[in-house]
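See below for the structure under consideration.
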Amino acid sequence: MDGDLAALALRDSGELSRETGLDPVVRDTQRKGLRRRRLLRWAGGIGAGGAGLGGYATALEPGVRLRVVHHRISPPNWPRGLPLSIALIADPHCGGPHTPLARLSRAVAMTNAQKPDMVVLLGDYLADHRFVSERPSMRQVADVLAGLRAPLGVHAILGNHDWWEDPAAQAKQVPMPFAAADFAAAGLPILHNEVRPLEHQGQRIWLAGLGSQWSYGRRGSWHGTDDLPGTLAQVTDGAPTILLAHEPDIFPQVPSRVAVTLSGHTHGGQVRAFGWSPVVPSRFGNRFAYGSIIEDRRHLVVSGGIGNSIMPVRFGMPPEITMVELS
1 MDGDLAALAL RDSGELSRET GLDPVVRDTQ RKGLRRRRLL RWAGGIGAGG
51 AGLGGYATAL EPGVRLRVVH HRISPPNWPR GLPLSIALIA DPHCGGPHTP
101 LARLSRAVAM TNAQKPDMVV LLGDYLADHR FVSERPSMRQ VADVLAGLRA
151 PLGVHAILGN HDWWEDPAAQ AKQVPMPFAA ADFAAAGLPI LHNEVRPLEH
201 QGQRIWLAGL GSQWSYGRRG SWHGTDDLPG TLAQVTDGAP TILLAHEPDI
251 FPQVPSRVAV TLSGHTHGGQ VRAFGWSPVV PSRFGNRFAY GSIIEDRRHL
301 VVSGGIGNSI MPVRFGMPPE ITMVELS
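If you read the sequence shown in the UniProt record's numbering, its first letter stands for residue 1, the second for the next number, and so on.
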């Protein structure tokens, strides 16, 4: 019965002769040819699908898509009845063709359209992978980011790549990389192991900015310029504190008196499926790879970022502007 149905299907498709008296050798040759044609069609379809998938992952998702992701959190030590919206711009890694200055300008416009109370810039401002065709200066990037607007201001820290871009900083000939001076000249002074007091609806808020945990060691032993105890020691009262830390690996050391830690660095792994990424630049792997994370009632939000590192590839992790809404 099954053989009759198969023969009928082949006959109806026009690919098997209607002659019932065909020589068995001829019939077998026809069937082998049919199988080869089908295999070639399948292989062609798989090849086309693979090419399309590769084009999406190397061009469309990393270079065209840009979304706004919202996280609503209520830390236990955040004042009740005090809403605060914070826009996070992390890891733009500016450089054409994927993140030219025009794309960064689009991100600035999209961020301003969210009307956040505050904007924080979480580091890694320039691309340094081999696939960059256009390299803006750090000052050009800072000038574009200076177009951000928020009632409580725009606040920036540096990432590991911002240190790695400066040979003098890597040689420890200067205390800070040139990115700090370029951002300050654009009206965006860098927070480096220091705090700023802010006032929001009559409530004081402390904003703490940490140095990078990977400042040195691109070609040697890894170590940072971060000083978490020294930074938090500058908080002089019990007002809520928001911590900016480029790398999320510091989170296990963050005390519970910090309302939320905001980080970037990981890009969400750039490739992500079912909440998992195969490669995450963190000693904790996927534990702090992406999103809103709560451990021991402490809150961490890790932005997926805008740009790319090492390879201009994103799949399942589109570039994003991250909105954190505290209440």
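All C-beta atoms, glycine included, are put in the ideal place defined by N, C-alpha and C. Small disclaimer: the values here were computed from a predicted structure and weren't measured.
- Each of Trp276, His192, Thr99 was checked against the Cα of Glu61, and the nearest Cα belongs to Thr99.
- Within the DSSP bridge table, the entry for Thr322 names Val69, Leu88 as partners.
- Judged by DSSP in its simplified three-state form, Pro167 adopts helix.
- Under DSSP, the beta-bridge partners assigned to Trp206 are Pro197, Thr241.
- A direct Cα-Cα distance of roughly 12 Å separates Met110 from Leu145.
- By a beta-carbon distance limit of 8 Å, His246 does not contact Ser292. Their separation comes to about 18 Å.
- Contact between Tyr125 and Pro92 holds, with the beta-carbon distance rounding to 6 Å and staying under 8 Å.
- As DSSP reads the structure, Trp214 sits in no beta bridge.
- If you draw a straight line from the Cα of Ala180 to the Cα of Leu210, it is about 14 Å long.
- If you compare the alpha carbons of Val279, Pro229, Ala127, Ala171 with that of His161, the shortest gap goes to Ala127.
- Following the DSSP letters along the chain, one finds Val108 inside the alpha helix (DSSP H) bounded by residues 101-113.
- When the alpha-carbon of Gln140 is set against those of Gln114, Ala113, Phe178, the nearest one is in Phe178.
- With 16 or more neighbouring CB atoms inside 10 Å of its own CB, Ile89 falls in the buried class.
- Around the beta-carbon of Trp214, 16 or more other beta-carbon atoms lie within 10 Å, marking it buried.
- Assignment of Met138 by DSSP, reduced to helix, strand and coil, places it in the helix class.
- In the structure shown, the three-state DSSP call for Phe284 is coil.
- In this structure, DSSP gives Leu262 an extended state, which the three-state scheme calls strand.
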